[in-house]
Amino acid sequence: MDSRLSRTTLRVRGYHLDGYGHVNNARYLEFLEEGRWAYFDERPRLATFLSRGDLAFVAANLNIDYRRAAVAGDDLEVLTRLSEIGSRRARIHQEIRRAADGKTVASADITFVLVDVATGRAVTIDGEIREAMAQLVLA
């Protein structure tokens with residue numbers, strides 16, 4: 245597996261399901277969030293910039309495509325990669341796949357900005373943080 249890609253696994257539990265026996269659509273957002281946290285946990289250089297507390301990555305847009313249902317007992321893989329860096333925003337692409345057959349359950353693109361915590365305003369992605377991110381881009 246490419247080191248720029250993160251893989252997180254989880255099992256679908258009963259509490260993830262809706263009244264139809266499928267994973268509730270809102271739960272997929274939690275699965276994706278789990279994948280993004282793991283992505284940053286696995287990249288300590290990038291996490292260091294955020295741990296100082298003066299900068300934060302903030303989601304600005306999320307587009308998700310639901311492709312097939314996941315049900316209780318399914319083992320899922322959340323694949324996460326940084327797919328693009330702009331001057332003031334970046335994008336992460338994620339896929340949720342069923343481990344048993346590799347079929348995509350959902351895919352999503354999350355656009356985020358780098359925010360100055362003190363002002364609450366987006367700042368330019370430049371300098372050391374840009375260098376650290378640029379090494380991780382997997383188009």
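Just so we're aligned, residue 245 is where the sequence shown starts under the working numbering, counting upward by one.
Beta carbons: idealized from backbone N, C-alpha and C, even for Gly.
- Under the 10 Å beta carbon count, R296 is surrounded by fewer than 16 other beta carbons and is classified as exposed.
- Exposed is the label assigned to Y264, since fewer than 16 other Cβ atoms lie within 10 Å of its Cβ.
- Separation of the CB atoms of A343 and D319 is rounded to 4 Å, and the pair is thereby assigned contact status at 8 Å.
- It is roughly 18 Å from the alpha-carbon of R289 to the alpha-carbon of S327.
- Following the DSSP letters along the chain, one finds Y272 inside the alpha helix (DSSP H) bounded by residues 269-285.
- The beta carbon of R255 lies closer than 6 Å to those of D319 in the same chain, with the five residues before and after it left out.
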